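Asks: Right, I'll just put the structure down here and ask away after.
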Amino acid sequence: MSMTLLEMTSARRGSLRRVSGPAALRRAARERGGEQARHVPTLARELLELLDPQPGQCAIDCTFGDGGHARLVAERLGPSGTLVAIDRDPVAEEGFARLEREVPCAVRFIRAGYAEALELLAREGLRADLAYFDLGMSWMQVDARERGFSYSYDAPLDMRMDPDQPLSARELVAEWDERRLARTLRDLGEERRAAAIARAIVRRRSRAPIATTLELVEAINSAVPAPARFGGGHPAKRSFQALRIAVNDELGQLDRALPRAWGLLRPGGSLAAISFHSLEDRRVKRFIAEQVRGCICPPELPVCACGREPRARSLSRRAIVPSAAEVARNPRSSSARLRGARKLEDSQAEAS
Ligand SMILES: C[S@@+](CC[C@H](N)C(=O)[O-])C[C@H]1O[C@@H](n2cnc3c(N)ncnc32)[C@H](O)[C@@H]1O
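Numbering (this note's numbering), first residue to last: 849 to 1200.
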């Protein structure tokens, strides 16, 4: 009998079961109780300084996670402010119920991909003063073994942030052809050995399905020469990153969400994003540059013919990175990059 989407992970290797659906994930998180890793928000002081939330404003936290940033922003919004929180993970939704009781402002949670949630908010006619993203995964996701995000624990191969979505890493690894797998590992993981790893995955799955993280790690290891397996990070790190990004359509979500978040902002409103790898940061940087840019006429034209005006002001000259002290306290913050832009007061134009 085939197993349902996610069923509970059991301790013994060979009998790993997958945790089934949002309710079971919430239950597993609750059962871990005090052992549950709490997420430490990255660049929190810098995000607050950049956005400068004011009493009475409306803010959209597009990646609620454990609510670390949301809580700090909500405190600043005060009793007359509103916080809209978005996350596609049911465990985040559970955490939101705690925050709701503790913060002074009006709050609302939407469990959905942020691209879809922002579209919904636009249809409702919401106007916001602040919108921000803290991209990637929360510690609760990485450290919850049964979610299958980590190459360090043996678990069912899953990697879905939203357990309701049909595609998991297991289906992807079982069904995508070798070329598509290689392209994914190269483009989303910047994995130099993408072709060899894809070949090893296809060879291995022809013998038996790859159902667990450890089986995938073994397939990846078989494509990496022994000397390269030591030093330079875990040999499966880049492949796991690539598969996670693909399973959760992270770049597609971001590309759709940035203009939608921008469109919801009132004139004078601010957008900020914290990214953790260059694929995300490049998108955020390009998006902000597009809004900040004025005339796009060729330089040889003596006068402007395009009439295009800047729509935004960048909030920092370059990406803001964590201090050495923050990286020492929280090594997971080391690759973080924060960028932001403020919509000009007289800006009417939509994002491009
Ligand atoms: C880095 S964590 C955010 C942590 C949060 N800022 C905090 O301080 O606790 C990223 C969160 O964004 C969520 N997420 C990632 N991509 C998403 C998407 N496309 N739509 C909705 N939520 C998403 C993840 O489920 C995760 O909970």
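Note that beta-carbon positions come from the ideal geometry of N, C-alpha and C, so glycine has one too. Bear in mind the structure is a predicted one, so any value in this text is a computation, not a measurement.
(1) Would the C-beta of Arg-1185 count as close to ligand 1, meaning under 6 Å from any of its heavy atoms?
(2) Can you look up Gly-1116 in the DSSP assignment and give me helix, strand or coil?
(3) Look at the alpha carbon of Thr-1060 and the alpha carbon of Asn-1069, and state the distance between them as a whole number of angstroms.
(4) State the DSSP-derived secondary structure class of Thr-930, mapped to helix, strand or coil.
(5) Could you pull out every residue in the same chain whose Cβ sits closer than 7 Å to the Cβ of Pro-1115, ignoring the five residues on either side in sequence?
(6) When we look at the beta-carbon of Met-851 and count the other beta-carbons within 10 Å, is it buried (16 or more) or exposed?
(7) Would you check whether ligand 1 has a heavy atom nearer than 6 Å to the C-beta of Gly-1125?
(8) Leaving aside the five residues before and after Glu-1157 along the sequence, list all residues of the same chain whose C-beta is less than 7 Å from its C-beta, in chain order.
(9) In terms of residue numbering, what span does the alpha helix (DSSP H) encompassing Gly-1188 cover?
(10) Using only the alpha-carbon positions, how far apart do Arg-834 and Ala-1167 sit?
(11) Taking 7 Å as the threshold (C-beta atoms), are Glu-1128 and Leu-983 in contact?
(12) May I ask you to list the residues that DSSP assigns as paired with Glu-909?
(13) Where Gln-1101 and Glu-1148 are concerned, what is the direct C-alpha to C-alpha distance, given to the nearest angstrom?
(14) Let's test the definition: count the other Cβ atoms within 10 Å of the Cβ of Glu-1267 and tell me whether it reaches 16, buried, or not, exposed.
(15) From Val-1095 to Val-1021, what does the alpha carbon distance come to, in whole angstroms?
(16) For Asp-1103, which option in Pro-1073, His-1125, Arg-1134 has the closest C-alpha, if you only look at C-alpha atoms?
(17) When the Cα of Ala-933 is compared with those of Arg-971, Ala-976, Glu-894, which residue comes out closest?
(18) Mark Arg-1187 as exposed unless 16 or more other C-beta atoms lie within 10 angstroms of its C-beta, in which case mark it buried.
(19) Below 6 Å CB to CB, which residues in the same chain sit around Ala-965 once its five sequence neighbours on both sides are set aside?
(20) Going by alpha carbons, who is nearest to Ala-892 out of Gln-905, Arg-919, Gln-902?
(21) Pull up the distance between the alpha-carbon of Leu-1112 and that of Leu-898, whole angstroms please.
(22) Would you decide whether Leu-969 is buried or exposed? Buried here means 16 or more other CB atoms lie within 10 Å of its CB.
(23) May I ask you to report which of helix, strand or coil DSSP gives Phe-1088?
(24) The alpha helix (DSSP H) spanning Ala-792 covers which residue range?
(25) Going by beta carbon distance, what residues of the same chain come within less than 7 Å of Gln-905, once the five residues before and after it are set aside?
(26) Is Met-1009 near ligand 1, judged by its Cβ being under 6 Å from some heavy atom?
(27) Could you check where the alpha helix (DSSP H) with Phe-1135 kicks off and where it finishes?
(28) Any heavy atom of ligand 1 within a distance shorter than 6 Å of the CB on Gln-1101?
(29) Rounded to a whole number of angstroms, what is the C-alpha to C-alpha distance between Arg-1031 and Glu-950?
(30) Checking the sheet assignment: what are the DSSP bridge partners for Arg-1161?
(31) Specify, as a first and last residue, the run of the alpha helix (DSSP H) that Ile-1068 falls within.
(32) Check whether the Cβ atoms of Phe-1124 and Ser-1087 lie closer than 7 Å to each other.
(33) Excluding sequence positions up to five away, which residues of its chain have a Cβ less than 8 Å from the Cβ of Ala-859?
(34) For Arg-1041 and Ala-945, I'd like the C-alpha separation in whole angstroms.
(35) Considering only DSSP beta bridges, list what Ser-1123 is partnered with.
(36) What are the boundary residues of the alpha helix (DSSP H) that includes Ile-1212?
Replies: Looking at the coordinates:
(1) Arg-1185: no, Cβ never under 6 Å from ligand 1.
(2) For Gly-1116, the secondary structure class from DSSP, reduced to helix, strand or coil, is strand.
(3) Cα-Cα distance, rounded: 14 Å.
(4) In the structure shown, Thr-930 sits in a strand (DSSP, three-state: E or B).
(5) Within the same chain, Cβ atoms closer than 7 Å to the Cβ of Pro-1115 are found at Lys-1191, Leu-1192, Glu-1193, Asp-1194, Ser-1195, the five residues on either side in sequence being excluded.
(6) Residue placement at Met-851 is poorly supported in this model, since its pLDDT is 31, which falls under 50; the coordinates still yield a value, given next. Label assigned to Met-851: exposed.
(7) The amino acid at residue 1125 is misidentified as Gly; the sequence shows His. Shortest gap from the CB of His-1125 to any heavy atom of ligand 1: 6 Å or more.
(8) Cβ-Cβ distances below 7 Å link Glu-1157 to Gly-1142 in the same chain, with the five nearest sequence neighbours on each side left out; the list follows chain order.
(9) For Gly-1188, there is no enclosing alpha helix (DSSP H); the enclosing beta strand (DSSP E) covers residues 1185 to 1191.
(10) As displayed, the chain neither begins before 849 nor continues past 1200, which places residue 834 out of reach and without an answer.
(11) Remark: C-beta atoms of Leu-983 and Glu-1128 approach each other more closely than 7 Å.
(12) It should be pointed out that residue 909 corresponds to Asp in this sequence rather than to Glu. Beta-bridge pairing by DSSP links Asp-909 to Ala-933, Tyr-980.
(13) Distance from the CA atom of Gln-1101 to the CA atom of Glu-1148, rounded to whole angstroms, is 38 Å.
(14) No answer is possible for residue 1267: the residues shown for the chain start at 849 and end at 1200.
(15) Straight-line Cα distance between these residues: approximately 10 Å.
(16) It is Arg-1134.
(17) In terms of CA proximity to Ala-933, Ala-976 leads the group Arg-971, Ala-976, Glu-894.
(18) With at least 16 other beta carbons inside 10 angstroms of its own, Arg-1187 counts as buried.
(19) So the qualifying residues of the chain are Ile-934, Ile-958.
(20) Looking only at Gln-905, Arg-919, Gln-902, the smallest Cα-Cα distance to Ala-892 is reached by Arg-919.
(21) Each residue's alpha carbon lies about 18 Å from the other.
(22) Leu-969 should be labelled buried.
(23) Three-state DSSP puts Phe-1088 in a helix.
(24) Outside the modelled stretch of the chain, which goes from 849 to 1200, sits residue 792, for which no answer is possible.
(25) Result list for Gln-905: Leu-925, Gly-929, Asp-977, Leu-978, in chain order.
(26) Answer for Met-1009: yes, Cβ within range of ligand 1.
(27) It spans 1126 to 1140 - the alpha helix (DSSP H) in which Phe-1135 sits, taken as one unbroken run.
(28) Gln-1101: yes, Cβ under 6 Å from ligand 1.
(29) Going by the C-alpha atoms only, they are around 46 Å apart.
(30) Beta-bridge pairing by DSSP links Arg-1161 to Arg-1190.
(31) DSSP places Ile-1068 in the uninterrupted alpha helix (DSSP H) bounded by 1061 to 1070.
(32) Taking 7 Å as the Cβ cut-off, Phe-1124 and Ser-1087 do not qualify as a contacting pair.
(33) Unreliable placement is indicated for Ala-859, whose pLDDT of 32 sits below 50; no coordinate value is reported for it.
(34) Those two C-alpha atoms are separated by around 44 Å.
(35) According to DSSP, Ser-1123 bridges with Arg-1185.
(36) Missing from the structure shown is residue 1212; the chain here goes from 849 to 1200 and no further.
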